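In the numbering used here, the protein residues as written are 189 to 322.
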């Protein structure tokens with residue numbers, strides 16, 4: 189996460205002059221310089237966190253996407269599995285067409301959940317996709 193403390197302003201990579209970002213504190217934080225520790229709830233944590241790989245602000249993009257999917261319960265994702273979440277959901281989300289037809293916005297935002305952080309949009313890019321879909 190780019191913000192280390194409650195009183196510290198967001199880092200430049202979080203600002204683009206066009207969008208306002210309101211980040212919620214999910215109760216986890218990490219040092220930007222040495223972000224390889226494992227933290228957070230596994231369901232919401234990006235794969236690079238639980239694999240203890242290098243992390244970037246894109247871990248937050250994935251957490252936002254999972255939170256969105258959880259809240260809207262797309263195709264019963266929140267209620268279809270034994271622990272309250274379909275164990276095959278991520279494979280389904282990444283498959284072409286699973287989210288297609290639900291809404292243009294959801295389909296466009298599918299990449300926010302990409303396992304590979306290089307394939308995830310930044311927060312600014314994700315907001316741009318939302319604006320394009322309106």
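Even for Gly, the Cβ is constructed at its ideal location relative to N, Cα and C.
Please read these numbers as outputs of a predicted model, since none were measured by experiment.
Annotated three-state conformation of residue 231 is coil, per DSSP. Here DSSP, grouped into helix, strand and coil, assigns residue 243 to coil. With distances taken between CA atoms, residue 307 lies nearest to 247 out of 237, 233 and 247. DSSP, reduced to helix, strand and coil, places residue 312 within a helical segment of the structure shown. Note on geometry: alpha-carbon atoms of residue 319 and residue 301 lie some 19 Å from one another. Annotated three-state conformation of residue 236 is helix, per DSSP. In the three-state reduction of the DSSP assignment, residue 302 falls in the coil class, being assigned neither a helical nor a strand state.
Separation of residue 313 and residue 299 (C-alpha to C-alpha, rounded to the nearest whole angstrom) is 11 Å.
Cβ neighbours of residue 297 within its own chain (closer than 7 Å, five residues either side excluded): 253, 314 and 317.
A buried status is given to residue 257, since no fewer than 16 other beta-carbon atoms sit within 10 Å of its beta-carbon.
Approximately 19 Å separates the beta-carbon atoms of residue 260 and residue 309; this is outside 8 Å, ruling out the contact. Of the other Cβ atoms in all chains shown, fewer than 16 fall within 10 Å of the Cβ of residue 242; this residue is therefore exposed.
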